[in-house]
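Number of protein chains: 2
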Amino acid sequence: MLENSEIFVIGGLGFIGCHVVRSLLAQGCKVRVMSRTKVPDAQIHNMFGYQANLKIVTGDFTCKEDLLPALAGCDTCIHLATTTLPSTSNNNKIFDIQSNLAGTVQLLEAMREQNIRKIVYLSSGGTVYGNPIHVPISETHPTNPISSYGIVKLAVEKYCYLFQELYGIQSVVLRLSNPYGPGQTGNRIQGVVPVFIEKALTGKSIEIWGDGNVVRDYIYIDDVTSAINAALCYQGQETVFNIGHGTGTRLNDIVDALKVLIGQNILVEYKPGRSLDVSKNILDISKAQKCLNWSPQVDFEAGIKAVISSLADEQVAKKEFS
Amino acid sequence: MLENSEIFVIGGLGFIGCHVVRSLLAQGCKVRVMSRTKVPDAQIHNMFGYQANLKIVTGDFTCKEDLLPALAGCDTCIHLATTTLPSTSNNNKIFDIQSNLAGTVQLLEAMREQNIRKIVYLSSGGTVYGNPIHVPISETHPTNPISSYGIVKLAVEKYCYLFQELYGIQSVVLRLSNPYGPGQTGNRIQGVVPVFIEKALTGKSIEIWGDGNVVRDYIYIDDVTSAINAALCYQGQETVFNIGHGTGTRLNDIVDALKVLIGQNILVEYKPGRSLDVSKNILDISKAQKCLNWSPQVDFEAGIKAVISSLADEQVAKKEFS
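Protein chains in written order, with this note's numbering: chain A, 1 to 322; chain B, 323 to 644.
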């Protein structure tokens with residue numbers, strides 16, 4: 001169904017983006033990726049192999065002059081980019097609004113001008129709801145974010161809906177839980193899973209903020225990719241879907257899994273909890289299961305194994321080069 | 323309770339603002355009003371009489387350099403200003419975001435810096451909900467605005483909540499229905515009531531977009547003022563309240579009322595309906611009644627009579643000067 005369509009991916013060189021682009025190319029799509037900085041061909045080749053259907057465009061998605069020519073002729077836009085993080089967005093709320101909100105509205109206006117008829121927008125199931133009143137959290141749960149990041153994601157969702165209502169641009173918003181998988185780096189703030197595994201593999205101490213009982217919904221990257229594919233194919237009227245595994249995992253559960261899979265001698269250091277963390281977040285994914293005909297396929301243990309294997313390979317490669 | 327407190331009012335020279343400022347002064351408050359343009363003393367005197375407790379500060383609320391000194395020493399901020407209208411905000415969404423959203427977040431940051439501990443923010447019960455699934459609309463109704471104006475109001479609400487949660491600045495958000503009353507001008511887009519009355523008084527044709535069965539919740543200005551006073555006194559944890567009359571009135575009902583109060587020979591011209599109008603909006607005000615101990619006191623007929631009397635006086639004054 002997606003074959004021969006041309007898809008514009010913003011954030012296509014990030015962790016999720018790389019997986020999405022590979023999946024789209026494998027399905028026979030043409031893919032255009034916008035990147036803020038010029039990326040050498042060798043690096044692109046290293047990420048995706050030689051791909052006649054892949055085009056990288058250098059430009060800033062918040063800049064209309066960059067966007068208009070870049071979008072021309074595409075069928076659909078997938079927007080995965082963000083300029084801020086949940087943990088630090090409160091330190092510069094104005095920048096968050098200017099870049100992510102005004103930038104994305106600019107994108108929607110440019111899509112309208114170029115007659116792009118669909119957007120798939122990656123929102124955040126971990127921040128738009130704020131402190132949950134109950135779990136699992138369905139899409140109708142109140143939305144009271146406790147970070148600027150969450151407010152801006154929510155406002156973008158509302159503009160997506162507005163553009164669908166006013167101008168007929170189909171919008172599918174995916175409120176994603178915590179994604180993890182190969183391709184995440186263990187030394188960056190992309191989530192705890194690769195960080196914990198990297199520490200465990202290198203014999204360093206895993207730092208846990210709080211008592212380790214914070215519950216999150218972790219989703220394996222392949223399940224994210226399949227959800228985005230399902231969103232691309234979706235033709236219905238619904239606009240907002242939770243995308244997660246639908247189950248809760250404590251930080252201590254991750255440590256326990258790593259003890260079984262890597263070894264018992266893993267070091268853990270508990271530090272005072274951060275006030276910004278909600279204590280429990282598990283998404284109700286039944287709407288996506290029903291409407292998108294999608295379900296997560298990878299359970300946490302299998303996913304963790306894949307990440308361990310990937311990061312262990314990297315360790316070996318690093319040692320060979322050093 | 324409000325006596326001797328110093329209140330900063332943004333939008334204090336507008337239709338609602340004037341009434342609020344008069345009410346605050348009458349209660350013994352000190353009031354500081356921020357105005358974008360320098361207003362002559364004679365005009366201020368004309369609006370409020372001589373008031374030792376009133377100070378007008380010239381400045382732009384979206385400009386931090388103007389705000390910081392202007393806010394110093396105040397206890398509370400009432401934010402009534404907007405730079406856009408529901409009907410035209412979709413024509414410049416970026417401006418709406420930059421001025422009203424980024425501007426108000428700037429204000430909240432300035433309040434934090436100046437240790438102002440409370441904000442009363444005027445939101446919009448007519449736009450934040452979008453097309454109602456059911457009426458009357460309670461605060462928990464889904465919020466899917468069909469105008470940028472509504473999205474920005476909603477996003478500001480979320481930032482008010484964020485500042486309460488993170489920094490302890492108490493936020494009271496009032497989702498106002500359609501206010502009307504003396505002081506609205508009949509030749510501006512401040513609502514249909516004064517426009518209809520002005521047309522009827524001058525023998526011109528009343529233009530109705532659609533079939534006149536559009537239902538709105540109209541609230542008299544004195545009931546708005548008393549709601550803002552109740553919000554100023556409120557010390558509880560709730561942040562969002564619907565403020566309306568809680569009843570629905572069709573455009574045709576207004577015409578019928580004017581026929582009774584002014585005369586049967588009122589001309590009405592029906593024009594094709596605007597797609598942006600939601601068909602029915604009536605607010606459920608039970609939360610405000612319970613928590614703020616507030617209720618509207620003026621019914622539609624009494625309110626309309628007051629506006630007719632006020633606009634008729636203006637007509638007489640105009641004729642005397644012409």
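Glycine is no exception: its CB is placed at the ideal position from the N, C-alpha and C atoms.
- For residue 19(A), the three-state secondary structure derived from DSSP is helix.
- Between residue 145(A) and chain B, the shortest Cβ-Cβ separation is below 8 Å.
- In this structure the region 219–236 of chain A does not lie against the region 340–351 of chain B, because fewer than three pairs of beta carbons, one per stretch, are closer than 8 Å.
- Residue 452(B) sits in a strand when the DSSP states are folded into three classes.
- Around the beta-carbon of residue 205(A), fewer than 16 other beta-carbon atoms lie within 10 Å, marking it exposed.
- If you keep only unbroken beta strand (DSSP E) runs of at least 3 residues inside the region 199–250 of chain A, you get 206–209, 218–220, 240–243.
- The three-state reading of DSSP puts residue 335(B) in coil, since its state is none of H, G, I, E or B.
- For the region 453–483 of chain B, the set of residues with a beta-carbon nearer than 9 Å to any beta-carbon of chain A comprises 453, 462, 464, 465, 466, 467, 468, 469, 470, 472, 473, 474, 476, 477, 480, 481, 483, in chain order.
- Closest in alpha carbon position to residue 495(B), among 622(B), 564(B), 545(B), is 564(B).
- The Cβ atoms of residue 468(B) and residue 165(A) sit closer than 8 Å to each other.
- Taking one beta carbon from each stretch, the region 425–439 of chain B and the region 388–401 of chain B have 3 or more pairs nearer than 8 Å; the two touch.
- Taking a C-beta cut-off of 8 Å against chain B, the contacting residues of the region 74–94 of chain A are 90, 93, 94, listed in chain order.
- Between the beta-carbon of residue 248(A) and that of residue 216(A) there is about 7 Å, and that keeps the pair under the 8 Å contact cut.
- Note on the region 50–95 of chain A: whole alpha helix (DSSP H) runs with a minimum of 4 residues are 64–71, in chain order.
- Against chain A, the beta carbon of residue 427(B) has neighbours under 7 Å at 93, 94, 97, listed in chain order.
- Cβ-Cβ distances below 7 Å link residue 110(A) to 64, 67, 68, 71 in the same chain, with the five nearest sequence neighbours on each side left out; the list follows chain order.
- Burial check for residue 297(A): the Cβ neighbour count within 10 Å stays below 16, so the residue is exposed.
- Against chain B, the CB of residue 102(A) has a partner CB under 8 Å away; the residue lies at that interface.
- If the five residues before and after residue 170(A) are omitted, its C-beta is found closer than 7 Å to the C-beta atoms of 117, 118, 164, all from its own chain and listed in chain order.
- Against residue 165(A), the close residues of chain B are 452, 453, 466, 468, in the order they occur along the chain (beta-carbon pairs closer than 9 Å).
- Here DSSP, grouped into helix, strand and coil, assigns residue 354(B) to strand.
- About 6 Å separates the beta carbon of residue 515(B) from that of residue 629(B), a gap short enough to meet the 8 Å contact definition.
- Counting along the chain, no beta strand (DSSP E) covers residue 488(B); the unbroken alpha helix (DSSP H) around it starts and ends at 470–489.
- Exclusion of the five residues before and after residue 310(A) leaves 182 as the residues of its chain whose Cβ lies within less than 7 Å of its Cβ.
- The C-alpha of residue 200(A) lies about 35 Å from the C-alpha of residue 289(A).
- Under DSSP, residue 194(A) forms no beta bridge with any residue.
- With three or more CB-CB distances shorter than 8 Å, the region 82–94 of chain A counts as touching the region 148–165 of chain A.
- When C-alpha distances from residue 330(B) are compared across 363(B), 403(B), 369(B), the shortest belongs to 403(B).
- In terms of Cα proximity to residue 61(A), the closest of 50(A), 94(A), 78(A) is 78(A).
- For the 8 Å CB-CB criterion, residue 353(B) and residue 376(B) form a contact.
- At the C-beta level, residue 97(A) and residue 416(B) stay beyond 8 Å of one another.
- With respect to the C-alpha of residue 125(A), the residue from 99(A), 139(A), 258(A) having the closest C-alpha is 139(A).
- About 5 Å separates the CB atoms of residue 445(B) and residue 475(B); that is less than 8 Å, so the two are in contact.
- Close CB contacts of residue 37(A) within its chain, under the 8 Å cut and outside five residues either way in sequence, are with 58 (chain order).
- Under DSSP, the beta-bridge partners assigned to residue 171(A) are 119(A).
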